[in-house]
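Number of protein chains: 2
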Amino acid sequence: MLDKHAIDYSVYLVTEKYDGRHEELFLKKIEQALKGGVTLVQLREKALETRALYTLAKRVKTLTTRYNVPFIINDRLDLALAIEADGLHLGQKDLPASVARRLLGEDKLLGVSAETVEQAKRAECDGADYLGVGSVFPTKTKDDATIISIDALRKIKAAVSLPIVAIGGITLQNAGLIIKEKVAGVAVVSAILGANQPEQAAAAFRKLYKTIEVN
Amino acid sequence: MLDKHAIDYSVYLVTEKYDGRHEELFLKKIEQALKGGVTLVQLREKALETRALYTLAKRVKTLTTRYNVPFIINDRLDLALAIEADGLHLGQKDLPASVARRLLGEDKLLGVSAETVEQAKRAECDGADYLGVGSVFPTKTKDDATIISIDALRKIKAAVSLPIVAIGGITLQNAGLIIKEKVAGVAVVSAILGANQPEQAAAAFRKLYKTIEVN
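Residue numbers (the numbering used here), protein chains in the order written: chain A, 1 to 215; chain B, 1001 to 1215.
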């Protein structure tokens, strides 16, 4: 069983913009990222039909299991239950966290996206295990994302006792600014999956996190 | 608890093409259909975000509960669980029925769409309680629907022992042809919700079904 208190959130890979084609390439990139050292994988795909998503999620889970990394499903509690994922990540437009927690059970990881102190506190009360906070930088992955300041990130971090994973536009160039804020991790999409060499990109994030963490 | 063996499938309302606006009008039409005598309601909405769907589903459930009619969610097991719907309806591109049955439990209604004898038999093995079979007529609601013949409907009906609900392009004008095949019900979308008077339309379907059933 997942030890929820021993999760390494430091390099949190979020997969996105998978168009239903090129499945082998998509899985290969995820595997490269796992080899490079991402510590958690979240599948976030909104466009696929349920069966296609189910099949894809099972394949990704096979990879994360091989690399002993927790696997989280975005939004879809049904899929998280169906493939027995390690957890579920909810945005503010997904199921209420309290409802998801009841159906998911206490053993699974539950993450909630928060842009404000109010959302963060509510998520904590509703049973979230960690928060995804952002966007900390502008991002092309999510056009409608609200950008929050470093100061807002600090306020959210101070308001809750949950681990914080910062998300949104994080690259190797700007990640240091965020890691210095002592977040539990940085969530990365295109800076790893869009890199020419996802393995090296993931390894570089890992190294950067560790270097700053010990200082 | 739902008595799965006493379900009246005869006038099975499927809601569709709800665009996220005009929620009050949409709910009003469903209520009119319930007043007119629809015997089951399925919420089939693919376009809404999860939270909006959750909120809408809870409102529809309030109506179906008031009229003592079973309420089924299309595709989304997460929502069916979250709002404690009476059941789930799965298409061939949704979760495998066997997986859904395991997560849904034995007490809930599980419907599966089938276009062929093979799909119908598999659904029966996988734990379906009833089958949605169609499209029996061309339909604008689902552009990519395969049209099946009356003969194909008969073969499916003969191959399984499950109740059959025919679906696809069913109107007051053509429903008689299908009801004569001794199906458990006809699923109707636009011929009720798109009618000027959904209550009268639902009542007319109910009357038609009963008239043919007793002959």
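All C-beta atoms, glycine included, are put in the ideal place defined by N, C-alpha and C.
Interface annotation, A:K93: in contact with chain B, CB-CB separation under 8 Å. Under the DSSP definition of a beta bridge, B:T1015 partners with B:L1043. When CB distances to chain B are screened at a threshold of 7 Å, not a single residue of the stretch 117-142 of chain A falls below it. For A:V160, the nearest beta carbon of chain B is not closer than 8 Å to its own beta carbon. Look at the beta carbons and you see the stretch 1171-1187 of chain B touching the stretch 1142-1155 of chain B: at least three pairs across the two are nearer than 8 Å. At a cut-off of 8 Å between beta carbons, A:A82 contacts chain B. Looking only at B:L1172, B:K1210 and B:I1167, the smallest Cα-Cα distance to B:H1089 is reached by B:I1167.
Within chain B, the C-beta atoms nearer than 8 Å to that of A:V99 come from Y1054 and A1082, in chain order. When DSSP states are grouped into helix, strand and coil, B:G1036 belongs to the helix group.
Unbroken beta strand (DSSP E) stretches of 3 residues or longer found wholly inside the stretch 74-124 of chain A: 87-90 and 109-114, given in chain order. By the beta-carbon neighbour count (other beta carbons within 10 angstroms, threshold 16), A:V214 is exposed. Among the residues facing chain B, A:R76 is included, as its CB has a counterpart in that chain under 8 Å away. Taken atom to atom, the span from the alpha-carbon of B:A1128 to that of B:H1005 is near 13 Å. In this chain, the beta strand (DSSP E) harbouring B:G1185 covers G1185 to V1188.
Leaving aside the five residues that flank A:V38 on each side, the residues in its chain whose CB is nearer than 6 Å to its CB run, in chain order, V11, L13 and A202.
Straight through space, the alpha carbons of A:I212 and B:D1094 are spaced by roughly 45 Å.
Against A:L103, the close residues of chain B are D1078, L1081 and A1082, in the order they occur along the chain (beta-carbon pairs closer than 8 Å). Of the candidates A:E45, A:E23 and A:T15, the residue whose Cα lies closest to the Cα of A:A33 is A:T15. Residues of chain B whose Cβ lies closer than 9 Å to the Cβ of A:T50 are, in chain order, D1075, R1076, L1077, L1090, G1091, K1093, D1094 and L1095. Here the C-alpha atom of B:L1110 lies approximately 19 Å from the C-alpha atom of B:K1058. Contact check for B:G1185 and B:L1208: beta-carbon distance about 12 Å, past the 8 Å limit, so the pair fails to qualify. Boundaries cannot be given for A:Y9, as no alpha helix (DSSP H) includes it and DSSP labels it neither H nor E.
Bridge partners of A:G132 according to DSSP: A:S113 and A:V165. Distance between B:R1101 and A:L79, taken at the CA atoms: about 13 Å. The beta-carbon distance between B:D1086 and B:P1096, rounded to whole angstroms, is 21 Å. This is too long to meet the 8 Å contact definition.
Take B:V1189, set aside five residues on each side of it, and the residues of its chain with a beta-carbon closer than 6 Å to its own are V1014, E1016 and T1141, in chain order. The three-state reading of DSSP puts B:F1137 in coil, since its state is none of H, G, I, E or B. A straight line joining the alpha-carbon of A:G105 with that of B:N1174 spans about 48 Å. Under DSSP, B:F1071 shares a beta bridge with B:V1041. Sixteen is the threshold: since fewer than 16 other Cβ atoms of the shown chains lie within 10 Å of the Cβ of B:K1046, the residue is exposed. Judged by their CB atoms, B:A1114 and B:V1133 are nearer to each other than the 8 Å cut-off.
The three-state secondary structure of B:K1210, taken from DSSP, is helix. The Cβ atoms of B:I1170 and B:A1195 do not sit closer than 8 Å to each other.
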